[in-house]
Amino acid sequence: MKAGTLEAGEPSHFPPPAGGINRGISIMDFIFRIVAGLATLASAIAMGTTNETLPFFTRFIQFRAQYNDLPTFTFFVVANSVVCAYLVLSLPLSIFHIVRRGAIGTRIFLIILDTAALALLTAGASAAAAIVYLAHKGNSSANWFAICQQYNSFCERISGSLIGSFVGIVVFVLLILLSAVAISRS
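1 is the number of the first residue of the sequence shown in UniProt numbering; add one for each residue after it.
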């Protein structure tokens, strides 16, 4: 037997190369970035285009509910838009990781930016979730009435917008975990 060759049936004492696994992780990273980008874009659009007008006694006096009536919803739209833009801008680095599996420095850079984006997205979604809860349930102690019986369409859209944002949060957690696994395997 020559040095460095294996006979048939002889076990290998070397672990399989991690290149295939890291490439798979990089492809999943790219797909997750697209999914998170679409979720945050959909959330920003759904919230940013939400409004409902209700007539009151006559058609000249009307009550209107818009997302920008509440600064929390404005923050939600801005946070989702910023995170969506970041995800689009991070796609070239994700493609770079598919091509060059051993790029640890850029992966660490992405983990730091992903964590900051996750924090921003979580802050926006959590603040908006509190207002959506008040819109649905109200608060009798503070004399805040639930408005979702009157503004049904408005409440459905803002609730749906929150779902997209929380999907983005879950995908960001998976992105950070994937990057950590890729770094540990390099």
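C-beta: ideal position from N, C-alpha, C; glycine also.
Just to check my reading of the structure: residue i and residue j have Cβ atoms closer than 8 Å, yes? What is that Cβ distance to the nearest angstrom?
i    : j    : result
R33  : L91  : 6 Å
T49  : A128 : In fact, because the Cβ distance is near 15 Å, the residues do not count as touching under 8 Å.
S141 : N80  : The pair is not a contact, with the Cβ atoms about 31 Å apart (cut-off 8 Å).
How about residue i and residue j: are their beta carbons less than 8 Å apart?
i           : j    : result
N22         : R185 : yes
I25         : L178 : yes
A36         : N51  : no
F76         : A39  : no
I183        : I108 : yes
V83         : G168 : yes
A85         : F96  : no
residue 190 : A135 : Within the shown structure, residues of the chain are numbered from 1 to 186, placing residue 190 beyond reach of any answer.
T106        : I176 : no
What residues are listed by DSSP as bridge partners for residue i?
i    : result
N139 : W144
* To do: Scan the stretch 33–121 and note each continuous alpha helix (DSSP H) run of 4 residues or more that stays entirely inside, going in chain order.
  => Restricted to the stretch 33–121, the alpha helix (DSSP H) segments that are unbroken, complete and at least 4 residues in length are 71–99, listed in chain order.
* Asked: Contact between the stretch 159–178 and the stretch 112–126: three or more CB pairs below 8 Å?
  -> Touching, yes, given that three or more Cβ pairs across the two stretches are closer than 8 Å.
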